[in-house]
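Student: One structure, pasted below without further comment.
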Amino acid sequence: MSDKGIHLVREHLAKLPPPNTLTIEQRRAQYERAERVFPTPPDVKVETIAAPARPAEWLTPPGVRTDAVVLYLHGGGYVIGSPRSHRHLAAAIARSAGTRALLLDYRLAPEHPFPAALEDSVAAYQWLLGQGIAPERVVVAGDSAGGGLTVATLLALRDRGLPRPAGGVCISPWVDLTNSAASYVTRAVADPIVTRDAIEGLTQAYIGAGDRKAPLVSPLYADLRHLPPLLGAGRRRRGAARRRAWPRTAREGGRRGRHAGGMALDDPRLALVLPMLDEAERAIEVIGRFVRRVHGAA
Numbered sequence: 075m076s077d078k079g080i081h082l083v084r085e086h087l088a089k090l091p092p093p094n095t096l097t098i099e100q101r102r103a104q105y106e107r108a109e110r111v112f113p114t115p116p117d118v119k120v121e122t123i124a125a126p127a128r129p130a131e132w133l134t135p136p137g138v139r140t141d142a143v144v145l146y147l148h149g150g151g152y153v154i155g156s157p158r159s160h161r162h163l164a165a166a167i168a169r170s171a172g173t174r175a176l177l178l179d180y181r182l183a184p185e186h187p188f189p190a191a192l193e194d195s196v197a198a199y200q201w202l203l204g205q206g207i208a209p210e211r212v213v214v215a216g217d218s219a220g221g222g223l224t225v226a227t228l229l230a231l232r233d234r235g236l237p238r239p240a241g242g243v244c245i246s247p248w249v250d251l252t253n254s255a256a257s258y259v260t261r262a263v264a265d266p267i268v269t270r271d272a273i274e275g276l277t278q279a280y281i282g283a284g285d286r287k288a289p290l291v292s293p294l295y296a297d298l299r300h301l302p303p304l305l306g307a308g309r310r311r312r313g314a315a316r317r318r319a320w321p322r323t324a325r326e327g328g329r330r331g332r333h334a335g336g337m338a339l340d341d342p343r344l345a346l347v348l349p350m351l352d353e354a355e356r357a358i359e360v361i362g363r364f365v366r367r368v369h370g371a372a
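Going from the sequence shown to our numbering is simple: count from 1 and add 74.
Below, the structure is given as structure tokens:
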């Protein structure tokens, strides 16, 4: 991210109350207010539906193909976030990709811990297939926790023998819930936004005393073979050798991996300020090209 982008992000986030001073309900309400600052463009049709298990929104920019879909899973540490908070981001990706987006309102922790969000995303994918959308016309995408959930969803589909989607897009995915990286300490001054204590609170809400290295919880530790092509937009900085090697390992396992550099989403609140960054616009263009390619429309 450029120095200008970092300055803008820090300036904006400095105006927000520190997360540790807010209740979960207050943090969720703060996320909801994102649409006041970043409204969905008026030419994007928004249709709320009741999918089999959870509500969702169809986002349809003008002129896009209707036989292809981006199934979007919002970020927020599995605890906060909603279609309302991430509508502007999902709509931008849909426009760039030339497809509709299905923005899922999956269940949140701590009321609904793991595996509730995963089961909701798998159900939404199966619902799309039931609506006549071919698996090769579906791309699963998400940011931060939603990016980790994207990989977990692809793993679950593979392990359950379900039809493979065309690909996945992970925007700075949260793929390691052990929170053990040394850089939480070594990068604390350079990155005061994401602290181990804050991430630990989200982890406890989502997984509790469960196995943090379980592949569907922390896909960093999963066998990534036989997954569809996966685009990683904005590599997470936190991690040592295993974390740096993860994208390469994925490619060796049969996936084509790419990184659209420059976009950093380590803190869930950064989804609120994405439109402020030139890097985000460029990354969304890369995402759009990837989706069109795997959909066979490039």
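Note that beta-carbon positions come from the ideal geometry of N, C-alpha and C, so glycine has one too.
(1) Return helix, strand or coil for VAL138, following the three-state DSSP convention.
(2) What would DSSP say about LEU251, mapped onto helix, strand or coil?
(3) Kindly identify the DSSP beta-bridge partner or partners of TYR146.
(4) Could you tell me the distance, in whole angstroms, from the CA atom of GLU359 to the CA atom of GLY284?
(5) Within 10 angstroms of the Cβ of HIS300, are there 16 or more other Cβ atoms? Answer buried if so, exposed if not.
(6) Can you find the residues in the same chain that come closer than 8 Å, C-beta to C-beta, to LEU96, ignoring five residues on each side of it along the sequence?
(7) For ARG366 and VAL120, I'd like the C-alpha separation in whole angstroms.
(8) If you draw a straight line from the C-alpha of LEU147 to the C-alpha of THR260, how long is it?
(9) For my contact list, VAL291 and LEU251 are in at a C-beta cut-off of 8 Å; report their separation, rounded to the angstrom.
(10) Expressed to the nearest angstrom, what Euclidean distance is found between the alpha-carbon atoms of ALA226 and ALA166?
(11) Which residues mark the beginning and the end of the beta strand (DSSP E) in which GLY242 is found?
(12) When you compare only the Cα positions, how much space is there between PRO129 and GLY216?
(13) Since THR122 is in the beta strand (DSSP E), which residue starts that stretch and which ends it?
(14) Under 8 Å, with one C-beta from each stretch per pair, do the region 129-140 and the region 182-191 reach the 3-pair mark?
(15) Give every residue of the same chain whose Cβ lies closer than 6 Å to the Cβ of ARG317, excluding the five residues on either side of it in the sequence, and list them in chain order.
(16) The alpha helix (DSSP H) spanning GLY46 covers which residue range?
(17) Name, in chain order, the residues that DSSP records as bridge partners for PRO129.
(18) Please name the residue in LEU178, LEU182, PRO187, ALA208 whose C-alpha comes closest to that of ALA198.
(19) Of the residues GLU99, VAL249, ALA240, which one's Cα is nearest the Cα of PRO289?
(20) Determine the burial state of ALA345: buried for a count of at least 16 other Cβ atoms within 10 Å of its Cβ, exposed for fewer.
(21) Please report the distance separating the alpha-carbon of ARG363 from that of SER170.
(22) Please report the distance separating the alpha-carbon of TYR258 from that of ARG158.
(23) Taking a contact to mean a Cβ-Cβ separation below 7 Å, would you say LEU203 touches VAL243 in this structure?
(24) Would you mind working out which of ALA108, VAL153, ALA354 sits nearest GLU274, comparing C-alpha positions?
(25) Ends of the alpha helix (DSSP H) at ALA103?
(26) Should ILE123 go down as buried or exposed, given a rule of 16 or more other Cβ atoms within 10 Å for buried?
(27) Identify whether LEU203 lies in helix, strand or coil by the three-state DSSP scheme.
(28) How is ARG270 classed by DSSP in three states: helix, strand or coil?
(29) Are the CB atoms of ALA183 and ALA279 nearer to each other than 7 Å?
Tutor: Let me spell this out:
(1) On the sequence shown, residue 138 is found 64 positions in, with the first residue counted as 1. Here VAL138 sits in coil by DSSP.
(2) Taking the sequence shown and counting its residues from 1, one reaches residue 251 at position 177. Three-state DSSP puts LEU251 in coil, outside helix and strand.
(3) Translated into positions along the sequence shown, residue 146 becomes position 72. BP columns for TYR146 point to LEU177, ALA215.
(4) As a position in the sequence shown, residue 359 is number 285, starting the count at 1. As a position in the sequence shown, residue 284 is number 210, starting the count at 1. Between GLU359 and GLY284, the C-alpha separation is close to 38 Å.
(5) If you number the sequence shown from 1, residue 300 lands on position 226. So HIS300 counts as exposed.
(6) One-based indexing of the sequence shown puts residue 96 at position 22. Answer for LEU96: GLN104, listed in chain order.
(7) One-based indexing of the sequence shown puts residue 366 at position 292. One-based indexing of the sequence shown puts residue 120 at position 46. So the alpha carbons of these two residues sit roughly 22 Å apart.
(8) Against the sequence shown, residue 147 aligns to sequence position 73. Against the sequence shown, residue 260 aligns to sequence position 186. Cα to Cα, the separation comes out at about 30 Å.
(9) Numbered from 1 along the sequence shown, position 217 holds the residue referred to as residue 291. Numbered from 1 along the sequence shown, position 177 holds the residue referred to as residue 251. At roughly 6 Å, the Cβ-Cβ gap stays under 8 Å, so VAL291 and LEU251 are in contact.
(10) In the sequence shown, the residue the question calls residue 226 occupies position 152. In the sequence shown, the residue the question calls residue 166 occupies position 92. Taking the straight line joining both Cα atoms gives about 24 Å.
(11) The residue you call residue 242 lines up with position 168 of the sequence shown. 241-245 is the span of the beta strand (DSSP E), which, as asked, contains GLY242.
(12) Taking the sequence shown and counting its residues from 1, the one referred to as residue 129 is at position 55. Taking the sequence shown and counting its residues from 1, the one referred to as residue 216 is at position 142. So the two alpha carbons sit approximately 17 Å from each other.
(13) Position 48 of the sequence shown, counting from 1, holds the residue named residue 122. Element bounds for THR122: 119-124.
(14) no
(15) Sequence index remark: in the sequence shown, residue 317 carries index 243 (1-based). Unreliable placement is indicated for ARG317, whose pLDDT of 46 sits below 50; no coordinate value is reported for it.
(16) It is not possible to answer for residue 46, since the shown part of the chain is limited to 75 through 372.
(17) Position 55 of the sequence shown, counting from 1, holds the residue named residue 129. Note: PRO129 sits in a beta bridge opposite ALA124.
(18) Stepping through the sequence shown from its first residue, residue 198 is reached at position 124. Among LEU178, LEU182, PRO187, ALA208, the Cα nearest to that of ALA198 is on LEU178.
(19) Looking up residue 289 in the sequence shown gives position 215. The residue with the shortest Cα to Cα distance from PRO289 is VAL249.
(20) Here the question's residue 345 lines up with position 271 in the sequence shown. At ALA345 the pLDDT is 46, less than 50, meaning the model places this residue with poor confidence and gives no usable figure here.
(21) Here residue 363 refers to the residue found at position 289 when the sequence shown is read from its first residue. Here residue 170 refers to the residue found at position 96 when the sequence shown is read from its first residue. ARG363 and SER170: Cα-Cα distance of roughly 7 Å.
(22) Taking the first residue of the sequence shown as 1, we reach residue 258 at position 184. Taking the first residue of the sequence shown as 1, we reach residue 158 at position 84. Rounded to the nearest angstrom, the two C-alpha atoms are 30 Å apart.
(23) Along the sequence shown, read from residue 1 onward, the residue named residue 203 stands at position 129. Along the sequence shown, read from residue 1 onward, the residue named residue 243 stands at position 169. No; because the gap between Cβ atoms is not below 7 Å, this pair is not in contact.
(24) By 1-based counting over the sequence shown, the position of residue 274 is 200. Considering only alpha carbons, the answer is VAL153.
(25) Against the sequence shown, residue 103 aligns to sequence position 29. Its alpha helix (DSSP H) spans residues 98-106.
(26) Numbered from its first residue, the sequence shown carries residue 123 at position 49. Burial state of ILE123 is exposed, judged by a 10 Å Cβ sphere holding fewer than 16 other Cβ atoms.
(27) The residue you call residue 203 lines up with position 129 of the sequence shown. Three-state result, LEU203: helix.
(28) For the purposes of this step, residue 270 is identified with residue 196 of the sequence shown, where counting begins at 1. ARG270: helix per DSSP, three-state reduction.
(29) The residue given as residue 183 occupies position 109 in the sequence shown. The residue given as residue 279 occupies position 205 in the sequence shown. Closer than 7 Å, so yes.
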